[in-house]
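Numbering (the working numbering), first residue to last: 147 to 253.
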C-alpha cells in the first residue's frame, strides 16, 4: 500500500508556473474590462464636460442642486440657484450639464 502511494506521488508532477498563474491573470483581465476601463472612460467624459463649462449653462451639482453658471474660473464655478442666490461650487462637484430645452425643477 505504501508503495502505491509513493508511486502516485512521484508521477503527479506540479504544472509549470505559467499555468498556475494563468487564473490570476484571467481575473485581472476580467476586472480591467468590466470595472476599471469603463470607470476610467466615465471619468474622462466627466472631465471633458467640466472643462467645457461656460456662463449660462444649466447644471446639476453632485448634491442635487440645479442652477445656472454665472462665472467660471480654473477651480470654481459660481452657480445661481435662484434669483439673487449664488453659491461658489468646486467644478469637480458639478455632476451634469442640463442640455438646452431640458426641464429643471425650479423653472
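Even for Gly, the Cβ is constructed at its ideal location relative to N, Cα and C.
- In this structure residue 222 is in contact with residue 237, their Cβ atoms being roughly 6 Å apart against a cut-off of 8 Å.
- For a cut-off of 8 Å, the C-beta gap from residue 214 to residue 206 is around 11 Å, too long to register as a contact.
- In this structure, residue 243 places its C-beta atom within 9 Å of the C-beta atom of residue 199.
- Rounded to whole angstroms, residue 208 and residue 241 show a C-alpha spacing of 5 Å.
- An exposed status is given to residue 219, since fewer than 16 other beta-carbon atoms sit within 10 Å of its beta-carbon.
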